[in-house]
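Asker: Sending over a structure as structure tokens; questions will come in a sec.
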Amino acid sequence: MSPVERVEASLVLLYAASSLLVLFLLIPLVSLYLRLSPEAMARVFGSPVLASQVRDALATSLAASVASTLLLLVLGVPLAYVLARREFPGKGLVEAVVDLPFVMPHAVAGIMLLTAYGSRGLLGPLLQRAGLRIEDSFLGVVAVMAFVSAPLLVDTVKAGIASIDPMVEAVARTLGAGPVRAFLDVTLPMAWRHVAAGALLAWARGLSEVGALLVVAYYPKTLNILILEYLQVYGLPYAVAVSAAYAALAAAVFIALRRLLPP
Amino acid sequence: MIAVEGLELRLGGFTLRIDRLVIERGEYLVLLGPSGVGKTLLVLSIAGLMRPQRGRILIDGVDATRLPPERRGVALVPQSYALFPHMSVRDNIAYGLRLRGVPERERRERVRRIAELLGIAHLLDRRPSTLSGGEQQRVALARALVVKPRLLLLDEPLSSLDPASRANALQLLKKLHGELGFTALHVTHSLAEALYLADKVAYMEGGVLRCVCTPRGFLETRYARPYLEEHRLVEEALREDGG
Ligand SMILES: Nc1ncnc2c1ncn2[C@@H]1O[C@H](COP(=O)(O)OP(=O)(O)OP(=O)(O)O)[C@@H](O)[C@H]1O
Ligand SMILES: [Mg+2]
Numbered sequence: 001m002s003p004v005e006r007v008e009a010s011l012v013l014l015y016a017a018s019s020l021l022v023l024f025l026l027i028p029l030v031s032l033y034l035r036l037s038p039e040a041m042a043r044v045f046g047s048p049v050l051a052s053q054v055r056d057a058l059a060t061s062l063a064a065s066v067a068s069t070l071l072l073l074v075l076g077v078p079l080a081y082v083l084a085r086r087e088f089p090g091k092g093l094v095e096a097v098v099d100l101p102f103v104m105p106h107a108v109a110g111i112m113l114l115t116a117y118g119s120r121g122l123l124g125p126l127l128q129r130a131g132l133r134i135e136d137s138f139l140g141v142v143a144v145m146a147f148v149s150a151p152l153l154v155d156t157v158k159a160g161i162a163s164i165d166p167m168v169e170a171v172a173r174t175l176g177a178g179p180v181r182a183f184l185d186v187t188l189p190m191a192w193r194h195v196a197a198g199a200l201l202a203w204a205r206g207l208s209e210v211g212a213l214l215v216v217a218y219y220p221k222t223l224n225i226l227i228l229e230y231l232q233v234y235g236l237p238y239a240v241a242v243s244a245a246y247a248a249l250a251a252a253v254f255i256a257l258r259r260l261l262p263p
Numbered sequence: 264m265i266a267v268e269g270l271e272l273r274l275g276g277f278t279l280r281i282d283r284l285v286i287e288r289g290e291y292l293v294l295l296g297p298s299g300v301g302k303t304l305l306v307l308s309i310a311g312l313m314r315p316q317r318g319r320i321l322i323d324g325v326d327a328t329r330l331p332p333e334r335r336g337v338a339l340v341p342q343s344y345a346l347f348p349h350m351s352v353r354d355n356i357a358y359g360l361r362l363r364g365v366p367e368r369e370r371r372e373r374v375r376r377i378a379e380l381l382g383i384a385h386l387l388d389r390r391p392s393t394l395s396g397g398e399q400q401r402v403a404l405a406r407a408l409v410v411k412p413r414l415l416l417l418d419e420p421l422s423s424l425d426p427a428s429r430a431n432a433l434q435l436l437k438k439l440h441g442e443l444g445f446t447a448l449h450v451t452h453s454l455a456e457a458l459y460l461a462d463k464v465a466y467m468e469g470g471v472l473r474c475v476c477t478p479r480g481f482l483e484t485r486y487a488r489p490y491l492e493e494h495r496l497v498e499e500a501l502r503e504d505g506g
């Protein structure tokens, strides 16, 4: 075999492997819509009971994921700033803690949250005194979503801030800006793409969570939980009907994300 | 007048120790020294961007040692210029004035005047990313000078310019200093910059000041030798070429 032929042979392998994976990922999306039966659609979205269930679940999913994202923005952007700009003892440990939810199996994450903030958990009594409860509550849904998506927001924003020349902010300080003002005037506008991308990633991640929700807050039902329930109770066509609608929403998020992500 | 007294800054394995450095009002001090000897750390300490463990920094008679950067009245032109990329040139220059609450009308006037002085009036509506290195350098200088700082800190401000732009910038700096009379601490590796601009030359090595003297006096010290060596090599090359 000549070297050129050998190169061509390896090219074939390269393309074969690549297209196999692409197909593996693409076929489910196509098949979902192929399986979509107008009948089941009509029965889900035509029934006042089922349609309102879907509407409520969608509202819960959207409201909780938006709330979780806003919470993460308020708390996570400052954390990302500190991690990007400051050196302190134990920084590696803090970074590990932030990334922990990333590697935790979802059911385990749910159990962890229960043992920490559940009514019989470590801080349960304290939360109860404040009238807060995570089991089967909207707050619980938000807590779960914030827990699993925190690393995405913090890491994305951290990378953005770390890529900015610190002297830009330093110059703003010397020109008369306090630390907060310099951050708002200079660093934040320079990092906004990363902040937006991080927020979108965190939102999408929260929206897609189901494992930890099964453990902590089955109610109020999110759309993911409802899809699982429909699959068990009514069968695949009903689950497909709701999934198809949800997939379209997820795809819209994905497209927005692709446009916002720094090239 | 700027005075640094008994300054000590430890960072990693490095120690910066400045027993005494004085820059008189209106004086242009050029700081020379090899790479990694603490020139930038000294600049950042004076600006309040680094916190020394010991010592005092006096700015126009006020003890600024514990003041945050925004209250020192010191302006900085870093090597990277660090322009605000999301603002127009005009907003870059006006930023310090806006923070000082200078009214819109006066702000416009002062921005216009400094921009004319630096020959960048035609660039005011551009974004920094569309400017050449020399233009960016002048914007950074305008942004620093427009607030009439008590001290202008320049950290290798000309080192990324081509020779022609650098020569232009040198003349511009000299002219500006003559007209505005600001006090300056200018860090550089170039003997030409030092001799052309400086009222006083300081030389640092290993985290300490080795000498502070007149430009002419500096040439007599052994610290000037490496700088002169470069010129000697040029002369030698020219001689060989001619003979
Ligand atoms: N953030 C930091 N952490 C640890 N060490 C540092 C830090 N910043 C600077 N140093 C060290 O301090 C010493 C002085 O650095 P500095 O930047 O002041 O040098 P310099 O004289 O400005 O050099 P150059 O001419 O190359 O700009 C160097 O040895 C550098 O490695
Ligand atoms: Mg330096």
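From first to last, the protein sequence lines stand for chains A and B. Residue 1 is where the first sequence starts when you use our numbering, and the numbers rise one by one after that. Residue 264 is where the second sequence starts when you use our numbering, and the numbers rise one by one after that. Note that CB positions come from ideal geometry on N, CA and C, so glycine has one too.
#1: Which partner residues does V293 of chain B have in the DSSP bridge list?
#2: Near D136 of chain A, which residues of its chain fall below 7 angstroms by C-beta distance, leaving aside the five closest residues on each side in sequence?
#3: Give me the pocket residues for ligand 1, defined as CB within less than 5 angstroms of any heavy atom, sorted by chain position.
#4: For E333 of chain B, go through chain A and note every residue whose CB falls closer than 9 angstroms to its CB, in chain order.
#5: For D504 of chain B, which of helix, strand or coil comes out of DSSP?
#6: Can you tell me whether D418 of chain B is helix, strand or coil according to DSSP?
#7: Going by the CB atoms, is the gap between Q399 of chain B and P391 of chain B shorter than 8 angstroms?
#8: Check whether the Cβ of E419 of chain B sits closer than 7 angstroms to any heavy atom of ligand 2, and report yes or no.
#9: Counting only Cβ pairs nearer than 9 angstroms, list the residues of chain B close to D165 of chain A.
#10: If you drop the 5 nearest sequence neighbours on each side, which residues of the same chain put their C-beta closer than 8 angstroms to that of S351 of chain B?
#11: For A427 of chain B, count neighbouring C-beta atoms within 10 Å of its own C-beta (all shown protein chains included) and say buried if the count is 16 or more, exposed if not.
#12: Is it buried or exposed for F88 of chain A, if we count other Cβ within 10 angstroms and need 16 for buried?
#13: Mind checking the stretch 73-97 of chain A against chain B and listing, in chain order, the residues whose C-beta falls within less than 7 angstroms of any C-beta there?
#14: Less than 8 angstroms between CB atoms is the rule here; does H349 of chain B satisfy it with respect to chain A?
#15: Should V464 of chain B and F445 of chain B be called a contact, given that it needs their Cβ atoms to be closer than 8 angstroms?
#16: If you reduce the DSSP assignment to three classes, tell me which class D56 of chain A lands in.
#17: I need the straight-line Cα distance from L32 of chain A to P38 of chain A, nearest angstrom please.
#18: Taking only beta carbons into account, state which residues of the stretch 353-374 of chain B come closer than 7 angstroms to chain A, listed in chain order.
#19: On a Cα-Cα basis, can you pick out the residue from A:V242, A:A172, A:S163 that is closest to P336 of chain B?
#20: For chain B, check one thing: does any of its Cβ atoms lie closer than 8 angstroms to the Cβ of M190 of chain A?
#21: Could you please give the first and the last residue of the uninterrupted alpha helix (DSSP H) stretch that includes F183 of chain A?
Answerer: The answer reads as follows:
#1: Looking up residue 293 of chain B in the second sequence gives position 30. Beta-bridge annotation (DSSP): V293 of chain B is paired with B:H449, B:V464.
#2: If you number the first sequence from 1, residue 136 of chain A lands on position 136. Excluding residues within five positions, the ones whose Cβ falls inside 7 angstroms are A217, Y218, Y219.
#3: Output, sorted by chain position: B:L274, B:G275, B:F277, B:S298, B:G299, B:V300, B:G301, B:K302, B:T303, B:L304.
#4: For the purposes of this step, residue 333 of chain B is taken as residue 70 along the second sequence, with counting starting at 1. Within chain A, the residues near E333 of chain B are A172, R173, T174, L175, G176, A177, G178, P179, R181, A182.
#5: The residue labelled residue 504 of chain B in the question sits at position 241 within the second sequence. If DSSP states are grouped into helix, strand and coil, D504 of chain B belongs with the helices.
#6: Here residue 418 of chain B is taken as the residue at index 155 of the second sequence, counted from 1. For D418 of chain B, the secondary structure class from DSSP, reduced to helix, strand or coil, is strand.
#7: Position 128 of the second sequence, counting from 1, holds the residue named residue 391 of chain B. Position 136 of the second sequence, counting from 1, holds the residue named residue 399 of chain B. Against a cut-off of 8 angstroms, the Cβ pair of Q399 of chain B and P391 of chain B comes out as a contact.
#8: The count along the second sequence starts at 1 and reaches residue 419 of chain B at position 156. Of the heavy atoms belonging to ligand 2, at least one sits nearer than 7 angstroms to the Cβ of E419 of chain B.
#9: Position 165 of the first sequence, counted from the first residue, corresponds to residue 165 of chain A. For D165 of chain A, the neighbours in chain B by C-beta distance under 9 angstroms run, in chain order, P341, S343, A345.
#10: The residue you call residue 351 of chain B lines up with position 88 of the second sequence. So the list reads L387, D388, R389, R390, once near-sequence residues are dropped.
#11: Position 164 of the second sequence, counted from the start, is the residue given in the question as residue 427 of chain B. Taking all protein chains in view, the Cβ of A427 of chain B is surrounded by fewer than 16 other Cβ atoms within 10 Å, so the residue is classified as exposed.
#12: What you label residue 88 of chain A is simply residue 88 of the first sequence in a count that begins at 1. Burial call: exposed.
#13: Correct list: empty, as no residue qualifies.
#14: Working through the second sequence from its first residue, we reach residue 349 of chain B at position 86. At a cut-off of 8 angstroms, the C-beta of H349 of chain B has a neighbouring C-beta in chain A.
#15: If you number the second sequence from 1, residue 464 of chain B lands on position 201. If you number the second sequence from 1, residue 445 of chain B lands on position 182. In this structure, V464 of chain B keeps its C-beta atom at 8 angstroms or more from the C-beta atom of F445 of chain B.
#16: Position 56 of the first sequence holds residue 56 of chain A. The three-state secondary structure of D56 of chain A, taken from DSSP, is helix.
#17: Here residue 32 of chain A refers to the residue found at position 32 of the first sequence. Here residue 38 of chain A refers to the residue found at position 38 of the first sequence. Those two C-alpha atoms are separated by around 13 angstroms.
#18: Result list: Y358, G359, L362, R363.
#19: Against the second sequence, residue 336 of chain B aligns to sequence position 73. A quick correction: the sequence has Gly, not Pro, at residue 336 of chain B. Cα-wise, what sits closest to G336 of chain B is A:A172.
#20: As a working mapping, residue 190 of chain A is identified with position 190 in the first sequence. It does: the Cβ of M190 of chain A has a partner Cβ on chain B nearer than 8 angstroms.
#21: For the purposes of this step, residue 183 of chain A is taken as residue 183 along the first sequence, with counting starting at 1. It is not in any alpha helix (DSSP H) - F183 of chain A carries neither H nor E in the DSSP assignment.
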